[in-house]
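First comes the structure, then the notes that go with it.
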Amino acid sequence: MQTPPEHAYPAHWEADVVLRDGGIAQIRPIAPDDAQRLVSFYEQVSDESKYYRFFAPYPRLSDRDVHRFTHHDYVDRVGLAATVAGEFIATVRYDRIDARGLRASAPADEAEVAFLVQDAHQGRGVASALLEHIAAVARERAIRRFTAEVLPANTKMIKVFTDAGYTQKRSFEDGVVRLELDLEPTDASLAVQRAREQRAEARSVQRLLAPRSIAVVGAGREAGGMGRTVLRNVLAGGFAGRVHAVNHAFPHELTRLEPEGVPAHRCVTRIPDPVDLAVVAVPAAHVPDVVADCGRHGVQGLVVLSAGYAESGADGRRRQRELVRQARTYGMRVIGPNALGLINTAPGVRLNASLAPELPPPGRVGLFSQSGAIGIALLSELHRRAAGLAGTSTFVSAGNRADLSGNDLLQYWHDDPDTDVALMYLESIGNPRKFTRLAKRTAARKPLVVVKGARHGAAAPAGHAVPTTRIPDATVSDLLRQAGVIRVDTVTELADTGLLLASQPLPAGPRVAILGNSDSLTLLTYDACLTAGLRPLLPRDLTTAATPADFRTALAQALADRACDAVLVTAIPWVGDTAPAASAPDLAAALREAVAGAPTPKPVAVVHLEIPGLPQALAAPADGAPPGDAPVPAVRIPAYPAAERAVGALAEAVRYARWRREVAVGGRVPEFEDIDEDGAAADIAVLLAAHGATDRAVTLSAADTQRLLARYGIAVLPALPAPDADSAVHAARRLGFPVALKPTAPHLRHRADLGGVRLDLGGEGELRRAYAELTELLGGPAELRLVVQSMAPRGVDTVVRAVIDPAAGAVLSFGLAGAPSLLLGDTAHRLVPVTDRDAADLIRSVRTAPLLFGWRGSAPVDTPALEELLLRLSRLVDDHPEVVGADLEPVIVAQQGVHVLGASIRLAAPPARGDLGPRSLPRS
Numbered sequence: 034m035q036t037p038p039e040h041a042y043p044a045h046w047e048a049d050v051v052l053r054d055g056g057i058a059q060i061r062p063i064a065p066d067d068a069q070r071l072v073s074f075y076e077q078v079s080d081e082s083k084y085y086r087f088f089a090p091y092p093r094l095s096d097r098d099v100h101r102f103t104h105h106d107y108v109d110r111v112g113l114a115a116t117v118a119g120e121f122i123a124t125v126r127y128d129r130i131d132a133r134g135l136r137a138s139a140p141a142d143e144a145e146v147a148f149l150v151q152d153a154h155q156g157r158g159v160a161s162a163l164l165e166h167i168a169a170v171a172r173e174r175a176i177r178r179f180t181a182e183v184l185p186a187n188t189k190m191i192k193v194f195t196d197a198g199y200t201q202k203r204s205f206e207d208g209v210v211r212l213e214l215d216l217e218p219t220d221a222s223l224a225v226q227r228a229r230e231q232r233a234e235a236r237s238v239q240r241l242l243a244p245r246s247i248a249v250v251g252a253g254r255e256a257g258g259m260g261r262t263v264l265r266n267v268l269a270g271g272f273a274g275r276v277h278a279v280n281h282a283f284p285h286e287l288t289r290l291e292p293e294g295v296p297a298h299r300c301v302t303r304i305p306d307p308v309d310l311a312v313v314a315v316p317a318a319h320v321p322d323v324v325a326d327c328g329r330h331g332v333q334g335l336v337v338l339s340a341g342y343a344e345s346g347a348d349g350r351r352r353q354r355e356l357v358r359q360a361r362t363y364g365m366r367v368i369g370p371n372a373l374g375l376i377n378t379a380p381g382v383r384l385n386a387s388l389a390p391e392l393p394p395p396g397r398v399g400l401f402s403q404s405g406a407i408g409i410a411l412l413s414e415l416h417r418r419a420a421g422l423a424g425t426s427t428f429v430s431a432g433n434r435a436d437l438s439g440n441d442l443l444q445y446w447h448d449d450p451d452t453d454v455a456l457m458y459l460e461s462i463g464n465p466r467k468f469t470r471l472a473k474r475t476a477a478r479k480p481l482v483v484v485k486g487a488r489h490g491a492a493a494p495a496g497h498a499v500p501t502t503r504i505p506d507a508t509v510s511d512l513l514r515q516a517g518v519i520r521v522d523t524v525t526e527l528a529d530t531g532l533l534l535a536s537q538p539l540p541a542g543p544r545v546a547i548l549g550n551s552d553s554l555t556l557l558t559y560d561a562c563l564t565a566g567l568r569p570l571l572p573r574d575l576t577t578a579a580t581p582a583d584f585r586t587a588l589a590q591a592l593a594d595r596a597c598d599a600v601l602v603t604a605i606p607w608v609g610d611t612a613p614a615a616s617a618p619d620l621a622a623a624l625r626e627a628v629a630g631a632p633t634p635k636p637v638a639v640v641h642l643e644i645p646g647l648p649q650a651l652a653a654p655a656d657g658a659p660p661g662d663a664p665v666p667a668v669r670i671p672a673y674p675a676a677e678r679a680v681g682a683l684a685e686a687v688r689y690a691r692w693r694r695e696v697a698v699g700g701r702v703p704e705f706e707d708i709d710e711d712g713a714a715a716d717i718a719v720l721l722a723a724h725g726a727t728d729r730a731v732t733l734s735a736a737d738t739q740r741l742l743a744r745y746g747i748a749v750l751p752a753l754p755a756p757d758a759d760s761a762v763h764a765a766r767r768l769g770f771p772v773a774l775k776p777t778a779p780h781l782r783h784r785a786d787l788g789g790v791r792l793d794l795g796g797e798g799e800l801r802r803a804y805a806e807l808t809e810l811l812g813g814p815a816e817l818r819l820v821v822q823s824m825a826p827r828g829v830d831t832v833v834r835a836v837i838d839p840a841a842g843a844v845l846s847f848g849l850a851g852a853p854s855l856l857l858g859d860t861a862h863r864l865v866p867v868t869d870r871d872a873a874d875l876i877r878s879v880r881t882a883p884l885l886f887g888w889r890g891s892a893p894v895d896t897p898a899l900e901e902l903l904l905r906l907s908r909l910v911d912d913h914p915e916v917v918g919a920d921l922e923p924v925i926v927a928q929q930g931v932h933v934l935g936a937s938i939r940l941a942a943p944p945a946r947g948d949l950g951p952r953s954l955p956r957s
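In the numbering used here, the protein residues as written are 34 to 957.
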């Protein structure tokens, strides 16, 4: 008999999850053909665990049990299994019950839930992950509450329930602990889920970066080739663990590869010891066999250098999907394919499993690059400029990032004690909503500097499977800034900013002292500071005769000045007969001495022109030892060859420091007592039902728009239709003179430049004349769709919009109406929900913001009322995901209050929110 469609196998419940120890398990519905897997799984469960599950000795499952536990309707009875290498390691099931605890069907909204985890996999967080997924399934099937009965001695399972963060009740009856969980997600349950996600994903990265043993698969017998190159780089870097060379073409008698002197094997499975990490450098056609061997041997992770995947076309995309699927089946994470490799400079690891020719000096900067070429260039730049100043902690080049991505590195760097600054080169952002969330959390602890490549391309780079996004690059930049990300435009700026942040304290403000031995260079630096939005003090010219001692004295005085937050030192070579006999090391020593004696830590940077050796002298270890062989010096000063580069890095540091101070105070999403959330939800449900099921957004009528906005305290100035002159007069009498007359036809809306709006019409005669003029100038009444509207007070015309992007989420935008936003693109954006601090910052972020605050002696307008309007619209969009678009235009901000003259709202079925669902890795 054919299974009814509603009971068909729900493939969308399948998921890959990262467990507490960093390994991967696959979660999927249990199906009838899983009978033998279930029996095998049960045989490996201890008698104690079986007793905890069934409250009695239960050594084996009967045929009836096996049938019952593998046959489900996927509605009232559901079973999920966690698998590794295709075998069950844990199961969970629910049965819908009624108020008496008997099996039931909908509309009963309660279910009994039970777990069983194989003893070898207990403590890995399997049950917690299964609870998240079975709860999501239950909510999808209109189940709102779980009940569970647990023996008091089964403390691990009780902890799984109590630590989940759901609203719960707990009782003790007849020797059994009874737990009731409300499955509606709460702030606590979401916080628990995200904390577990962070620990698990960070641990999965840590397993890749700090392996105890490595196998390089594809290391050829002859010199050259990717595999042999990586093998030599691993050994040259001084890797602290075991290293194996693997190549199926090795002769059977070969046991050691020379001259490297490492064990040689024809297959990973022939390595007698455990292998944590495999670097794969074989043709793409042979990769599946290598992955299978690694999986069977228990390898924890793969770095796939091989090309020929999604970057090569449709067949490559298929191979890439299969690579990730196969690796995850065995519980392995993948860097790549088409990757450059990874580096970890920690003293106990010293791993260079990459094509980079040498292990960079250890330091406090973490690097992630989606481009191998850019990654190598960035490593080289930092090594050249920053030896002894700001070395590297970790480096990952993810290639096609089919599995491991920048989000995973953010999870790792968040808690990594060896990384103080994170630098990222990104060509695509696969999950913008998650990226901004993780970036904001990481940036609150340590600076995160990002270059976004392919900013103006219509498509993601080849090999990157990412969601489509309609958000322009300028909006992405605003959203990153909101999250505290320092976004720069070039790799050079990435290095410039990273070096300053890694070596200097954060500035307390924008006030900059400038001193040096060249009046021209100090003036150039002064101008650059003004351009960058800093507040430079008057430059101090030490003259070309200045000695290192003069520099030391001047810098010490500037650092002691309470009116100064940072110092830029400019220096040119000493020239002429009167030039002091000084060298770059002398000047560096003087500057470092001044910094060391400063009463308060302040950032210092040097701008120099053609002084060879000065950057190295400013960064050299204090005892003169070569970089990498001694601790990083206590006093380090970055040097720049141009004023604008030093100023640009300092300006980014100033903005980031201000963001850190503001986020420490925090903002809040206000609660407005007059908001009718339930009423708005009811209106939305009726409106969507009236328009029927559709994938396209529905634009509401003016009346429906005004009614929905009113639920959130947003009033739209009344406007009445005027199909003829008499109707216009009647409407004006209802509203009260003076009035405005304007067209609402789409091609004329907001086009005051065409002369289609008549304002301050004080009587019937003026109104009739205006009506005749407009219909004669622009077209007939039916074409113009004229309306009469009450006059609003004079003020500043603005635009407020909210739009839902499928990848990034809801975005709130603000700008001044007309040319500023339409022609100049002067619009600012923030992710919803915005806080009171976000709203205040939003209206001050546009370049034309001075018009709101009394520019050139004009009266300031009511910006607090404007901020409240932004917060109310943000609440509407956040509370009701069915609102996929909202436009308020124009919004006149007067000296007292705001007045919305036009509004439109679009509704659609709410898009899926992957960030609110159970933890899972993306599947391409």
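Cβ coordinates follow ideal geometry from the N, Cα and C atoms, glycine included. Being a predicted model, the structure only gives us computed values, none of them experimental.
Residue interval of the alpha helix (DSSP H) (run including arginine 358): For arginine 358, the enclosing alpha helix (DSSP H) starts and ends at 347-362.
Whole-angstrom distance between tryptophan 446 and proline 24, CA atom to CA atom: This structure cannot speak to residue 24, because the chain is shown only from 34 to 957.
Residues bridged to isoleucine 57 [DSSP beta-bridge criterion]: Answer is Val51.
Contact set for proline 581: own chain, Cβ-Cβ below 6 Å, skip 5 residues either direction: If we look at proline 581 and ignore the five residues flanking it on each side, its Cβ neighbours are Ala615, Asp619, Leu620, Ala623.
At least three beta-carbon pairs within less than 8 Å, the stretch 259-266 to the stretch 318-335: In short, these stretches do not touch, since the Cβ pair count stays below three.
Where the beta strand (DSSP E) through histidine 100 begins and ends: No beta strand (DSSP E) contains histidine 100, which is instead part of the alpha helix (DSSP H) from 96-103.
Bridge partners - proline 569, DSSP secondary structure assignment: Per DSSP, Val545.
Residues that DSSP places opposite phenylalanine 179 in a beta bridge: Listed as beta-bridge partners of phenylalanine 179 by DSSP are Ala144, Leu214.
Backbone secondary structure at proline 65 - three-state DSSP: In the three-state reduction of the DSSP assignment, proline 65 falls in the helix class.
N-terminal and C-terminal residue of the beta strand (DSSP E) that aspartate 871 is part of: Looking at the DSSP string, aspartate 871 is not in any beta strand (DSSP E); the run it does join, the alpha helix (DSSP H), is 869-878.
Presumed contact (8 Å Cβ cut-off) between histidine 330 and valine 308, rounded CB distance: Approximately 6 Å separates the beta-carbon atoms of histidine 330 and valine 308; this is inside 8 Å, confirming the contact.
Buried/exposed call for lysine 192, threshold 16 Cβ in 10 Å: Residue environment analysis places lysine 192 among the exposed positions, since fewer than 16 neighbouring C-beta atoms fall within 10 angstroms of its C-beta.
Segment limits, beta strand (DSSP E) that includes glutamine 444: Counting along the chain, glutamine 444 sits inside no beta strand (DSSP E); it lies in the alpha helix (DSSP H) bounded by residues 439-448.
Proximity of valine 429 and leucine 534 at Cβ, strictly below 9 Å: Leucine 534 is positioned such that its CB atom lies no closer than 9 Å to that of valine 429.
Beta-carbon contacts of arginine 801 that lie in its chain and below 6 Å, excluding the five residues immediately before and after: Contacts found: Ala758.
CB of valine 687 within 9 Å of CB of glycine 517, strictly: Going by C-beta atoms, valine 687 is not nearer than 9 Å to glycine 517.
Per-residue burial, histidine 100 [other beta carbons within 10 Å of its own, 16 or more giving buried]: Burial call: exposed.
Opposing strand residues paired with isoleucine 368 [DSSP bridges]: According to DSSP, which records beta bridges pairwise, isoleucine 368 is partnered with Val336.
Rounded C-alpha distance that separates isoleucine 644 from alanine 256: When the Cα atoms are used, isoleucine 644 and alanine 256 turn out to be separated by approximately 41 Å.
Spatial neighbours of glycine 439 in its chain, beta-carbon cut-off 8 Å, leaving aside the 5 residues before and after: Excluding positions up to five away in sequence, the list reads Phe401, Gln403, Ala431, Met457, Leu459, Ile462, Phe468.
Whole-Å CB distance - proline 751 paired with serine 823, under 8 Å assumed: Rounded, the Cβ-Cβ distance is 6 Å, consistent with contact.
Nearest neighbour of leucine 512, chosen from Ile708, Asp874, Arg691 [CA to CA]: Minimum Cα distance to leucine 512 is reached at Asp874.
Which residues DSSP lists as bridging phenylalanine 121, in chain order: Paired residue(s): Thr116.
Through-space distance from alanine 653 to alanine 638, alpha-carbon basis: Answer to the nearest angstrom: the Cα atoms are 15 Å apart.
Through-space distance from leucine 899 to proline 943, alpha-carbon basis: Roughly 28 Å separates the two Cα atoms.
Where isoleucine 407 falls: helix, strand or coil (DSSP): Helix.
Inter-residue spacing [alpha-carbon to alpha-carbon] between tyrosine 342 and glutamine 353: When the Cα atoms are used, tyrosine 342 and glutamine 353 turn out to be separated by approximately 5 Å.
Exposure of leucine 810, with buried meaning 16 or more beta-carbon neighbours within 10 Å: Flag for leucine 810 reads exposed.
Alpha-carbon spacing of proline 465 relative to serine 510, whole angstroms: So the two alpha carbons sit approximately 12 Å from each other.
From Gln444, Ile876, Gly328, Trp607, residue whose alpha carbon lies closest to that of valine 894: Minimum Cα distance to valine 894 is reached at Ile876.
C-alpha distance - proline 664 paired with alanine 423, whole-angstrom precision: Since pLDDT at proline 664 reaches only 42, below the 50 mark, its modelled position is unreliable, and no value is offered.
Nonlocal neighbours in the same chain, by C-beta distance under 7 Å from proline 703, ignoring five residues either side: So the list reads Asp869, Leu904, once near-sequence residues are dropped.
Short Cβ contact (9 Å threshold) for valine 146 with valine 125: Contact: yes.
Which listed residue (Thr116, Gly251, Leu443) has its alpha carbon closest to that of arginine 236: Checking every option, the nearest Cα to that of arginine 236 belongs to Leu443.
Burial state of tryptophan 888 (16 or more Cβ within 10 Å): Classification of tryptophan 888: exposed, given that the 10 Å Cβ count is below 16.
Per DSSP, the bridge partner or partners of histidine 319: Per DSSP, none; premise fails for histidine 319.
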